[in-house]
Each structure stands twice: as structure tokens, then as C-alpha cells.
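What follows is a short report on a single structure.
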Amino acid sequence: MNSDPVIEVRGLCKRVTDATGELTILDGIDLSVHAGSSVAIVGASGSGKSTLLGLLAGLDSASAGSVRLLGHELTGMAEDQRAALRNGSVGFVFQSFQLMPHLSALENVALPLELQGGITTREAFARARALLERVGLGQRTGHYPKLLSGGEQQRVALARAFVTHPAVLFADEPTGSLDAATGHAVIDLMFELNRFSGSSSSGAGSSAGGGATLVLVTHDIDLARRCDAVVTIEAGRRVPNALHVDSPENVREAPEAGRV
Ligand SMILES: Nc1ncnc2c1ncn2[C@@H]1O[C@H](COP(=O)(O)OP(=O)(O)OP(=O)(O)O)[C@@H](O)[C@H]1O
Ligand SMILES: [Mg+2]
């Protein structure tokens with residue numbers, strides 16, 4: 068495993084103001100994620116996991132603190148610069164999938180390749196089709212999202228996130244809508260795809276011969292246990308107890324185990 072952190076977070080805070088006043092969602096998170104490693108972010112509903120993932124991926128901007136992603140400081144970066152950094156380097160599986168409703172499964176998966184450019188539509192579709200086959204949706208490529216089940220949409224979202232071979236894959240509850248058997252298959256697939264996905268990645272912080280980096284939010288204890296590190300978030304703060312950190316085998320003994 069490469070020792071360069073692909074993600075370096077210091078004192079990260081996220082505050083929002085709504086009708087009821089100011090709400091602190093994240094309050095001073097520190098975190099380092101090393102190239103080629105897999106990290107599970109766990110914690111109760113509403114603890115700030117999705118917010119943290121969005122900040123790490125550069126989808127949202129912090130109120131205070133810093134996030135370095137693939138060697139670039141995101142703080143103060145304009146959205147178009149963050150988009151350029153994400154493009155091709157970062158894959159994101161949203162908790163709510165966020166597939167494009169007017170595009171077929173195949174078109175949804177091919178879209179990031181077409182946005183990236185340098186590839187013919189025919190080639191983009193061929194790669195998208197191959198990935199949809201890998202996630203068991205070879206017979207559903209022409210379906211629009213509304214005609215797919217929640218688990219099928221989740222697998223399309225996963226294929227879309229992987230299609231550019233990103234250096235870092237962020238996934239928010241990637242097994243959340245799947246039955247146990249499909250969930251296990253998707254976990255296997257994620258780690259398997261992850262292993263060869265990293266080989267074509269390049270640039271600062273990418274892994275040297277290892278896999279792409281995985282950062283996953285999950286309530287799934289089987290998935291958390293397969294990760295190299297587990298980070299627990301409680302009410303917007305990282306639980307400092309070393310028992311919960313960087314040691315997946317300790318997830319079983321941790322008091323939070325029931326909520327993982
Ligand atoms: N833009 C926003 N405005 C106001 N409150 C927000 C906003 N975004 C998030 N929150 C609040 O911040 C808290 C953390 O939200 P977040 O979605 O990060 O939680 P989570 O840990 O992902 O929860 P879950 O496990 O249910 O997905 C929640 O209480 C949520 O209501
Ligand atoms: Mg969430």
C-alpha cells in the first residue's frame with residue numbers, strides 16, 4: 068500500500084443555516100486515507116456521514132477546515148475546478164442513486180466516459196455494457212431508471228461510478244437497497260473491481276499497482292469488516308476511541324456494533 072494519503076482532512080466543519088438557526092453538522096473532523104486502502108464510515112442516522120462523504124469528494128464546500136483530495140486543496144476551490152478534479156479521478160455512488168431519469172441504464176453508465184472525452188460513443192457504450200454485465204444487468208441495458216428496482220438502480224449507479232476507473236471511489240450505502248445475497252455479490256464485486264480499477268489510474272495520490280481507494284458509508288457490518296479501516300462518526304464528530312478506528316476486527320466488540 069502506498070503511504071501517500073489520497074485524502075487528508077483537518078478540522079473539517081460543516082454548518083448550515085435554516086429557519087431554526089445555525090446547525091453544526093460536522094464539527095472538527097480529522098482523517099487520512101491512504102492510496103489503495105478501503106475505509107468504512109459508520110455511525111447512526113443523521114450523524115453526518117453523507118455530508119462528510121460529499122465534502123471529501125468535493126461535491127460540497129466546507130465551512131471551516133481543509134480537505135486535500137489527490138494532492139489538491141479543495142478549500143476555496145471554485146465548483147468548476149472541483150468538477151475538473153473529480154472528472155475521471157473520482158467515482159461517487161449516491162445514497163439516492165441520482166441516475167438521469169431520461170437516460171437508459173446503458174446511457175447512464177456511458178455518460179461519465181462521454182463527459183471525460185477522448186473516447187468514441189461506440190467504445191463508451193461497449194465499456195458501459197461490459198460493466199452492466201458485471202453487475203448482472205446485461206438484460207436491462209435499455210431500461211430507464213423508473214423501470215428498474217431499487218437494487219438494480221443501485222447497481223447501475225455502481226457501474227457508472229466505476230466506468231472511468233477512478234482513483235477514488237466514494238459510495239454512500241452501496242448495499243443499502245439490496246437483499247443479503249445481492250448485497251454480498253455487490254460487496255465482492257466492489258472489492259474485485261476495486262483491485263483492477265486502480266491499475267489504470269494515475270496522478271497524485273493514485274495507487275502504485277494497488278487498487279483504487281474506497282471510501283464507503285455503510286450500516287452493513289459485513290462490508291465494514293472487509294475494509295482496512297473503520298471510522299465512526301457520532302453527532303458530527305469522529306469517535307476518538309482507538310478501538311473504533313483503523314481496526315475492522317474491533318467493529319464486533321465496539322458498543323456501536325449494533326448501529327454499524
Ligand atoms: N443542507 C442541509 N440543511 C439542513 N440540515 C442538513 C442539511 N444537510 C444535512 N442536514 C442535517 O445534518 C444531519 C446529518 O445529515 P447526513 O445526511 O450527513 O446524515 P447521515 O449520517 O448520512 O444519515 P443517514 O444514515 O440517515 O443517511 C441531519 O440531521 C440532516 O438533517
Ligand atoms: Mg446518509
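Sequential numbering from 68 applies to the sequence shown in my numbering.
For glycine and all other residues, C-beta sits at the position ideal for the given N, C-alpha and C.
What you are looking at is a predicted structure, and each value in this text was computed from that prediction instead of being measured.
Examine ligand 2 and report whether any of its heavy atoms sits within less than 6 Å of the Cβ of residue i.
i	result
S117	yes
Q328	In the structure as shown, the chain starts at 68 and stops at 327, and residue 328 therefore has no counterpart that could be examined.
Q162	yes
Is there at least one non-hydrogen atom of ligand 1 closer than 6 Å to the beta-carbon of residue i?
i	result
S216	no
I108	no
V83	yes
G113	yes
I254	no
I92	yes
Considering only C-alpha positions, which residue in the set the options is nearest to residue i?
i	options	result
N261	G205, G158, P307	G158
S133	G113, T142, A238, D127	T142
I92	R77, V160, S114	S114
V160	I74, V284, A279, D239	D239
I379	I96, A252, H286	Beyond the ends of the chain as shown, which are 68 and 327, falls residue 379; an answer cannot be given.
R293	F192, I108, R304	I108
L170	L214, H139, L198	L214
L236	G218, M257, S244	M257
A195	A224, V230, S163, G209	V230
R222	T84, A191, Q165, A291	Q165
R189	I254, A102, A177	A177
Just curious, the alpha helix (DSSP H) that residue i is in, first and last residue?
i	result
A150	146-153
G218	217-229
Under three-state DSSP, which class holds residue i?
i	result
T91	strand
H251	helix
E301	strand
S114	coil
A271	Low local confidence applies: a pLDDT of 40 at A271 is under 50, so the model's placement there is unreliable, with the coordinate-based value given in what follows. Correct three-state label for A271: coil.
L119	helix
D289	helix
A296	strand
A238	strand
How would you write the range of the beta strand (DSSP E) that residue i sits in, first residue to last?
i	result
S171	From DSSP, S171 is part of no beta strand (DSSP E); its letter is neither H nor E.
L198	That residue, L198, is in no beta strand (DSSP E); its alpha helix (DSSP H) goes 188-201.
L136	131-136
R82	72-85
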